[in-house]
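Residue numbers (UniProt numbering): 1 to 80.
Glycine is no exception: its CB is placed at the ideal position from the N, C-alpha and C atoms.
Quick caveat, the model's predicted, so the values are computed rather than measured.
These notes concern the structure reproduced below.
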Amino acid sequence: QSKLTTSHSRETPATESAKAIAPEKRLERLPEKLSFAYNEFALSLLRVASGHDKNFVISPFSLGVALAMTHAGAKKETQE
């Protein structure tokens with residue numbers, strides 16, 4: 001059975017050079033990084049889901065939003 005994976009870890013420790021970059025500079029690339037992450041998630045989800053013989057409809061964006069809301073409401077161990 002296929003697993004849903006991404007090539008990037010969300011828990012990458014900040015390097016000294018990243019800490020030295022002004023926050024507004026780091027935020028400039030945030031939309032690009034979020035877009036890449038959502039696209040990667042969507043493609044991975046579709047690869048896993050396409051292995052079935054039946055017709056189906058799936059919205060990677062809706063699932064991503066639901067997971068983001070769950071993460072936003074989670075605390076402590078659940079959030080990790």
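Span separating the alpha-carbon of N39 from that of E24: 24 Å
Contact between the segment 28 to 38 and the segment 49 to 56 (3+ Cβ pairs under 8 Å): no
Span separating the alpha-carbon of A74 from that of L43: 26 Å
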